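**Q** Residue 452 in our numbering sits at position 142 of the sequence shown; the count goes up by one each step and never skips.
Sharing a structure with you now.
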Amino acid sequence: YMGTIEGIILLGEPVRWETCLQLIIDILLSNGNPGVELASAPYPHIPIVACNMDLLWMAEAKMPRFGHGTFLVCLENIYKKMTGKELKYEALLGKPSTVTYRYAEHVLKQQMESCGWSSPLRQLYAIGDNPMADVYGANLYHRYLQTQAEVNVTAMAAETEKHLETQRDCSISVSSAKNCHSILVCTGVYNPHGDIPTDPEDILKTLSHGHRDFHFDPSLVEASYVVNDVNDAVELVFQKENWKQE
């Protein structure tokens with residue numbers, strides 16, 4: 311006998327989407343007891359935590375592949391179609407969530423300590439190929455650092471992060487970084503030859519691939535630097551930090 315399912319954690323897109331979508335909907339509509347038929351769907355439903363919100367990603371194919379963000383879009387729309395209500399998340403984690411970059415900074419500090427580096431971490435460089443995830447997230451965290459908020463980026467962060475009960479872990483050190491520089495590479499989702507709208511309203515309509523619950527700010531899509539590939543990105547960081555390449 312399997313007991314009542316108390317929550318759902320979504321980490322990445324499955325192989326058999328139709329099977330997983332059916333199973334998740336069954337769990338939501340049955341209040342965690344898919345073997346029991348209820349007269350009406352419970353609402354609010356059991357907690358859902360999701361991460362990895364990229365709508366698209368690049369593989370060997372010429373065209374971008376569906377990412378976990380697309381899977382979430384399917385789940386949200388199926389649930390709303392069947393119940394007439396919005397699917398609610400306890401939390402949305404992963405890029406471009408500020409919580410993710412905050413933890414990444416913490417891990418970097420741990421790596422520095424293990425290497426015996428005592429200098430404070432001041433400059434962060436985030437390299438990625440997706441303007442709506444990598445660049446947006448890095449720029450959002452840069453804004454966070456500039457405002458020196460303690461936990462969340464208020465209105466700019468995901469709406470669901472507002473009611474995320476983040477436990478204050480004493481092992482998470484206070485942020486020492488001053489800047490987070492976004493570096494966009496041209497070897498993935500980003501197409502350097504594509505037409506990019508200049509009007510914010512057009513950007514909102516054509517480039518807003520972010521999650522439904524994230525407020526979209528067109529100004530955060532522009533990268534600090536654009537380079538060809540990861541190697542060029544690393545060389546750029548060495549140049550900016552005056553490090554000698556050996």
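Using N, Cα and C, we set each Cβ at its ideal position, and we do this for glycine too.
The structure presented is a predicted model; accordingly, all values stated were derived computationally and were not measured.
Using 8 Å for Cβ pairs, my map puts T393 next to A351. What's the rounded Cβ distance?
**A** With 8 Å as the limit, T393 and A351 qualify as a contact, their Cβ atoms being about 5 Å apart.
**Q** Just mark K390 as buried or exposed, buried being the case when its beta carbon has 16 or more other beta carbons within 10 Å.
**A** Counting Cβ neighbours within 10 Å, K390 comes out exposed, since fewer than 16 surround it.
**Q** Along the chain, where does the alpha helix (DSSP H) containing Q560 start, and where does it finish?
**A** The requested residue 560 is not part of the displayed model; the chain covers only 311 to 556.
**Q** Pull up the distance between the alpha-carbon of L450 and that of T410, whole angstroms please.
**A** Cα-Cα distance, rounded: 11 Å.
**Q** Among P502, A448, Q549 and L397, which residue has its Cα nearest to the Cα of Y413?
**A** The shortest C-alpha separation from Y413 is found at A448.
**Q** Using the Cβ count rule (16 or more neighbours within 10 Å means buried), how would you classify V346?
**A** By the 10 Å Cβ count, V346 comes out exposed.
**Q** Determine the DSSP secondary structure at R453, reduced to helix, strand or coil.
**A** Three-state result, R453: helix.
**Q** Specify the secondary structure class of L403 as computed by DSSP and reduced to three states.
**A** Three-state DSSP puts L403 in a strand.
**Q** So the candidates are M442, L338, L331 and E551; which of them puts its Cα closest to the Cα of R522?
**A** It is M442 whose Cα lies nearest to the Cα of R522.
**Q** Name the DSSP bridge partner or partners of A360?
**A** Beta-bridge pairing links A360 to L320 and L402.
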